[in-house]
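**Student:**
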Ligand SMILES: [Zn+2]
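Residue numbers (the numbering used here): 1 to 310.
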């Protein structure tokens with residue numbers, strides 16, 4: 001593309017459940033900071049955004065381990081990490097947090113818009129693991145067991161950290177609750193699934209040729225070969241893309257904005273990526289600008305968007 005008018009740079013949102021270490025800095029923060037400073041020296045319009053990822057079972061499990069409330073955990077680690085970044089001179093334009101009301105509203109709006117389209121979600125009733133001693137459904141990391149692919153005995157309900165496989169809790173062999181340590185039982189519950197599979201065709205076109213419906217959209221040559229290969233392996237793998245549940249039975253997170261979804265929250269992997277957008281909105285508000293102009297940084301042909309993941 002010609003010289004972009006605006007640059008949006010993101011660094012991976014760290015979980016507010018522990019302190020940062022040097023590996024984090026070398027991965028997603030220092031390279032992004034160098035890039036942001038370089039563009040600012042060229043006089044470019046730059047928004048460099050980041051913030052704390054404060055939902056999901058990673059937070060509530062940490063809270064339980066320390067005998068504290070989830071709110072107490074995120075407040076502690078958000079402040080700690082924010083000040084570490086400041087002292088290290090990482091030049092974020094904003095360091096936001098996903099517990100902020102603006103982020104809750106923004107993530108709920110994304111859910112609502114998709115829901116109102118009528119064809120993006122599928123409501124599914126399914127059997128999920130439940131800890132009878134603790135009287136709660138067990139989301140993702142509340143279940144550990146043996147990985148069916150590599151036999152690692154401490155695999156989580158959503159992922160095996162040994163072989164990197166995405167898992168569903170019912171695939172685990174000898175599942176046990178991380179709360180009581182006992183074998184959980186299956187109980188029916190309802191969740192909303194985002195029909196990722198129905199987006200496979202345009203995603204494939206976009207990844208391979210950088211076009212959407214034949215129209216140029218981004219420059220595919222800027223993508224490294226192994227990145228394209230990784231994306232295609234998800235699209236063309238054994239089962240292809242699958243519908244994924246984007247809600248959870250948890251008491252910590254962003255409430256699902258539907259009356260019949262009481263007690264359910266948005267899955268953290270649905271809400272957290274939207275955190276970059278709510279951070280952009282807050283950055284605009286802090287400057288007295290229209291928060292809706294986040295679109296100029298995210299959706300405009302004149303904007304260049306670079307994510308540093310680590
Ligand atoms: Zn495994």
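From the three backbone atoms N, C-alpha and C, an ideal C-beta is built for every residue, glycine too.
Small disclaimer: the values here were computed from a predicted structure and weren't measured.
(1) Taking all protein chains shown into account, do 16 or more other C-beta atoms lie within 10 angstroms of the C-beta of residue 151, making it buried, or fewer, making it exposed?
(2) Grab the span of the alpha helix (DSSP H) containing residue 228 for me, first residue to last.
(3) If you draw a straight line from the alpha carbon of residue 103 to that of residue 258, how long is it in whole angstroms?
(4) Let me confirm a value: residue 41 is counted as buried when at least 16 other C-beta atoms fall within 10 Å, else exposed. Which label applies?
(5) Return yes when the C-beta of residue 168 is under 8 Å from any heavy atom of ligand 3, and no when it is not.
(6) In chain order, what residues have a CB nearer than 7 Å to some heavy atom of ligand 1?
(7) So which of 26, 111, 9 has the shortest CA-CA distance to residue 265?
(8) Considering only the alpha carbon of each residue, which of 251, 153, 39, 12 lies closest to residue 27?
(9) What three-state label does DSSP hand residue 10 in the structure shown?
(10) Below 8 Å on the Cβ atoms is my guess for residue 189 versus residue 126; work out the distance and round it to an integer in Å.
(11) On a CA-only basis, which of 296, 302, 39, 274 is nearest residue 109? Give me that one, please.
(12) Since residue 16 and residue 53 should fall inside the 8 Å C-beta cutoff, what is the C-beta to C-beta distance between them, to a whole number of angstroms?
(13) So what's residue 242 in DSSP terms, helix, strand or just coil?
**Tutor:** Concretely, from the data shown:
(1) Its Cβ having fewer than 16 others within 10 Å, residue 151 is exposed.
(2) Counting along the chain, the alpha helix (DSSP H) containing residue 228 begins and ends at 225-236.
(3) Cα to Cα, residue 103 sits roughly 17 Å from residue 258.
(4) Residue 41 is exposed by the Cβ-count criterion.
(5) Only ligand 1 can be found as ligands here, which leaves ligand 3 out of the picture.
(6) That query returns the following residues: 147, 149, 150, 152, 155, 160, 162, 163, 165.
(7) With distances taken between Cα atoms, residue 265 lies closest to 111.
(8) Closest option to residue 27, Cα to Cα, is 12.
(9) In this structure, DSSP gives residue 10 an extended state, which the three-state scheme calls strand.
(10) The Cβ separation is near 7 Å, so the contact holds.
(11) Relative to the Cα of residue 109, the nearest Cα in the group 296, 302, 39, 274 belongs to 274.
(12) 7 Å between Cβ atoms; contact.
(13) If DSSP states are grouped into helix, strand and coil, residue 242 belongs with coil.
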